[in-house]
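Enquirer:
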């Protein structure tokens, strides 16, 4: 709570505007308003949500508006997170209010919108046909919507064109009315009614309450205080009986905040195993420096080396010191495994944060963390915003994974933010991976990170033996032999005979990735994107993996109308079908985005795998990320080359990481493992390094190329992505935008020396979801001039970013450049 009077508050509004605005604090809020609280403020001609970042006592020169409302009784985030939010907004060139909005649970904020409703005169004008075609479009949309339509929705319903001027014109004619409506803020805390016996019951009224009420009174007396929901065990009409007991003066009730529980069934507590020598060394190195403030570590441990046990030991020590621990995993698919390990050690005194939770569940988890009810939070990339007051350790598992990079709206990298937050909070951060990113390992080389290593698997289990098979020698194969070479098929047969499990990996979902008309030779393409559709047999449809467009699998060729479509290419569905043909008695299951969409489906697959109910698991990169499958002894990599062909300087790095990670799923239990790696490029250095599972070998070759081309980690990048619905207009805009960039560069010698402008050019995927795409890549050998150039562009030439028809997005440190 504030301890002094503040006349003005600095507020970041949750809108795409960069400045922080000053608002007057009304007297009624003086004793309650604090940093980190939400407020409702007037902004332009509407009311919007904002966040208090600080206070000012000096009266501004201009007249300012007052805060209108304060929705929460306490702050949503601690004071120490304000500098964190401000740093993110500056670095990623994103408005600070929208940065905070991204961090907070969804569904909290309120905004005022203009709503349009048709009047009787408007319906009459429509019937008499005295309206223009444009007016008719609007009135017909509104005709059957008695509650009205938001102006923003009206624009979308009428073809995406702005309709404000037209609505104003027909409002003057008396055909429609407009009003401002406050929308949003639907996410609420869950409350439950609790009852207890009154200390001074009206005994005269308790002569004969009845047997059911007597039993309820007895239960309440024994419990001291109990929820009405728990009383329903004794009577399904407990709520009605409690109300009557309240009226009799025998019980008192109170509503209490309750937390929705996303953790699921309890986990049996485990006993910490004995650490091996390498694990002890790693733990002691971190603990020795725990009180020295900020330290960043890269834990490079081979697959199966016991990194998670190291995390558990470090977390226990930090919690014992009264501090909190934040654990990040790259995807929701891995959270359940990590949560299970931590619950077995720490019980249910932890919190989880990820986008798979409902808004209400996420709010509850957020409040538990903010209130200090838990010491450990585990989650995907958005968990980096967990509102801990005093973090003592941040762990980033699988730090190399590109899933830590958010690729839409607020484009942040959670791994990098983990280092920033640890530095601001003066605590330790541990980045762990069997295949570290080049950026992180380069930071070790230049002394920014300290290196920790685990070179052996636990119990000295050997790494899986990897056999590389040249697919060029398998060209003449037909049927399922096109996917399974004799070496892989024989290895699968022997593995299944031993009652062990097989993992088949192909990083492409669907059945056929290149369906082609046998008559005219045209590929089946998405109507919204310049990309081939993929046949999904399980859905009986062709689907676009970028915009979601689909068409029935029985559809004829859009070009010539022929019905004979040849299904070229492959995906996990085709591999699953082939495996079932070769091994019909084996239980084959597919794990990809298609089979794990429903809530709980992923957990069921993982449980069946652990319980031995699955013989062959076919999957995409989901199966490669940190999962521990003790009975998988054979991994078959169907085609190792799919990611090598991407027009991206990180293609080799991603290929090596993916192959080494999926190979690491074999032989993690008592039985030794083997990997059959099928490839058309057996001599490529990414493949040869993955075969040896030798990260240093890969790093030493890749880093030479990066340095020669001045790509990260020897430079910093910023991408300017341009997109619009009209192809010619977007192209002209991109060229004009490029000319602006050249003028800005030429005007400053620092920019001429240190900022390189590449483009504008059409994006490799030139059209996605109806948007034509161009891009400019800015490269800087020094960070400061590059960021100064982008700041100049964003803040001094913001009119280029305000175009309603063409959007320009800034992506600092981009990962995806297709």
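Numbering (our numbering), first residue to last: 156 to 973. From the three backbone atoms N, C-alpha and C, an ideal C-beta is built for every residue, glycine too.
#1: Please go through the segment 823 to 887 and give each complete beta strand (DSSP E) segment of 3 or more residues, from N-terminal end onward.
#2: What does the Cβ neighbour count give for residue 713, buried or exposed, with the cut at 16 atoms within 10 Å?
#3: By Cβ distance below 7 Å, which residues in the same chain neighbour residue 144 in space, the five residues on each side in sequence not counted?
#4: Going by DSSP, what residue range makes up the alpha helix (DSSP H) through residue 597?
#5: In terms of residue numbering, what span does the alpha helix (DSSP H) encompassing residue 230 cover?
#6: Can you give the Cα-Cα distance for residue 662 and residue 484, rounded to whole angstroms?
#7: Spell out a yes or no on whether the segment 450 to 457 and the segment 486 to 500 are touching, meaning 3 or more CB-CB pairs, one atom from each, closer than 8 Å.
#8: If I follow the unbroken beta strand (DSSP E) through residue 207, where does it start and stop?
#9: Should the segment 686 to 701 be called in touch with the segment 629 to 642, which here means at least 3 C-beta pairs below 8 Å?
#10: Going by DSSP, what residue range makes up the alpha helix (DSSP H) through residue 660?
#11: What are the uninterrupted segments assigned as alpha helix (DSSP H) that are 4 or more residues long and contained completely in the segment 462 to 534, given in chain order?
#12: Terminal residues of the continuous beta strand (DSSP E) containing residue 177?
#13: Just how far apart, CA to CA, sit residue 655 and residue 784?
#14: Which word fits residue 860, buried or exposed, when buried means at least 16 other C-beta atoms lie within 10 angstroms of its C-beta?
#15: Helix, strand or coil, according to DSSP, for residue 249 in the structure here?
#16: Name the residue from 321, 287, 324 and 271 whose alpha carbon lies nearest to the alpha carbon of residue 298.
#17: If you follow the alpha helix (DSSP H) that residue 926 is in, where does it begin and where does it stop?
#18: In whole angstroms, what is the alpha-carbon distance linking residue 359 and residue 351?
#19: Would the beta-carbon of residue 774 fall within 7 Å of that of residue 458?
#20: Between the segment 401 to 412 and the segment 430 to 437, do at least 3 Cβ pairs fall closer than 8 Å?
#21: From residue 295 to residue 751, what distance separates their C-alpha atoms?
#22: For residue 667, write down the residues that DSSP places opposite it in a beta bridge.
#23: Please specify which runs of the beta strand (DSSP E), each continuous and at least 3 residues long, are wholly inside the segment 368 to 454, giving them in chain order.
#24: Which word fits residue 981, buried or exposed, when buried means at least 16 other C-beta atoms lie within 10 angstroms of its C-beta?
#25: Taking 7 Å as the cut-off, decide whether the C-beta atoms of residue 618 and residue 848 are in contact.
#26: Quick check on the DSSP output: what are the complete alpha helix (DSSP H) runs of length 4 or more inside the segment 550 to 594, in order along the chain?
#27: Are the beta-carbon atoms of residue 542 and residue 228 separated by less than 7 Å?
#28: Out of 532, 241 and 380, point me to the one whose CA is closest to residue 406's CA.
#29: May I have the straight-line CA-CA distance separating residue 503 from residue 428, to the nearest angstrom?
#30: Give the straight-line distance between the Cα atoms of residue 236 and residue 528, rounded to the nearest whole angstrom.
#31: Excluding five sequence neighbours on each side, which residues of the same chain lie with their C-beta closer than 6 Å to the C-beta of residue 258?
#32: Measuring CB to CB, does residue 546 end up less than 7 Å from residue 582?
#33: Thinking C-alpha only, which one of 175, 168 and 183 is nearest residue 162?
#34: Under three-state DSSP, which class holds residue 168?
Expert: In terms of the structure at hand:
#1: Segments of the beta strand (DSSP E) lying fully in the segment 823 to 887: 829 to 834 and 871 to 879.
#2: Its Cβ having fewer than 16 others within 10 Å, residue 713 is exposed.
#3: Nothing about residue 144 can be reported from this structure: the residues present for the chain run from 156 to 973 only.
#4: 593 to 600 is the extent of the alpha helix (DSSP H) around residue 597.
#5: Note, residue 230: premise wrong, no alpha helix (DSSP H); not H, not E.
#6: Between residue 662 and residue 484, the C-alpha separation is close to 20 Å.
#7: The answer is no - the segment 486 to 500 does not touch the segment 450 to 457, with fewer than three Cβ pairs under 8 Å.
#8: Where residue 207 is concerned, the enclosing beta strand (DSSP E) starts and stops at 201 to 211.
#9: No, the segment 686 to 701 does not touch the segment 629 to 642.
#10: Where residue 660 is concerned, there is no enclosing alpha helix (DSSP H), although the beta strand (DSSP E) it sits in stretches over 656 to 660.
#11: Restricted to the segment 462 to 534, the alpha helix (DSSP H) segments that are unbroken, complete and at least 4 residues in length are 462 to 475, 487 to 501 and 514 to 525, listed in chain order.
#12: 176 to 179 is the extent of the beta strand (DSSP E) around residue 177.
#13: Rounded to the nearest angstrom, the two C-alpha atoms are 11 Å apart.
#14: Under this definition residue 860 is an exposed residue.
#15: In the structure shown, residue 249 sits in coil (DSSP, three-state: anything other than H, G, I, E or B).
#16: Relative to residue 298, the option among 321, 287, 324 and 271 whose CA is nearest is 271.
#17: Note, residue 926: premise wrong, no alpha helix (DSSP H); beta strand (DSSP E) at 926 to 935.
#18: With a pLDDT of 46 at residue 359, under the threshold of 50, the modelled position of this residue cannot be trusted; read the value that follows with caution. Looking at the two C-alpha atoms, the distance is approximately 19 Å.
#19: In this structure, residue 458 does not lie closer than 7 Å to residue 774 by Cβ.
#20: No: the two stretches stay apart, fewer than three of their Cβ pairs being nearer than 8 Å.
#21: So the two alpha carbons sit approximately 41 Å from each other.
#22: Paired residue(s): 690.
#23: Listed in chain order, the complete beta strand (DSSP E) runs (minimum 3 residues) inside the segment 368 to 454 are 406 to 413.
#24: No statement about residue 981 is possible, as the shown extent of the chain runs from 156 to 973 and does not include it.
#25: The beta carbons of residue 618 and residue 848 sit closer together than 7 Å.
#26: Fully enclosed alpha helix (DSSP H) runs of 4 or longer: 569 to 580.
#27: Contact check for residue 542 against residue 228 fails: the beta carbons are separated by 7 Å or more.
#28: Cα-wise, what sits closest to residue 406 is 380.
#29: Roughly 20 Å separates the two Cα atoms.
#30: Spanning the two alpha carbons is a distance of roughly 18 Å.
#31: For residue 258, where only same-chain residues beyond five positions count, the Cβ hits under 6 Å are 540.
#32: The answer is yes: Cβ separation under 7 Å.
#33: Ranking the options by Cα distance to residue 162, first place goes to 183.
#34: In this structure, residue 168 counts as strand in the three-state DSSP scheme.
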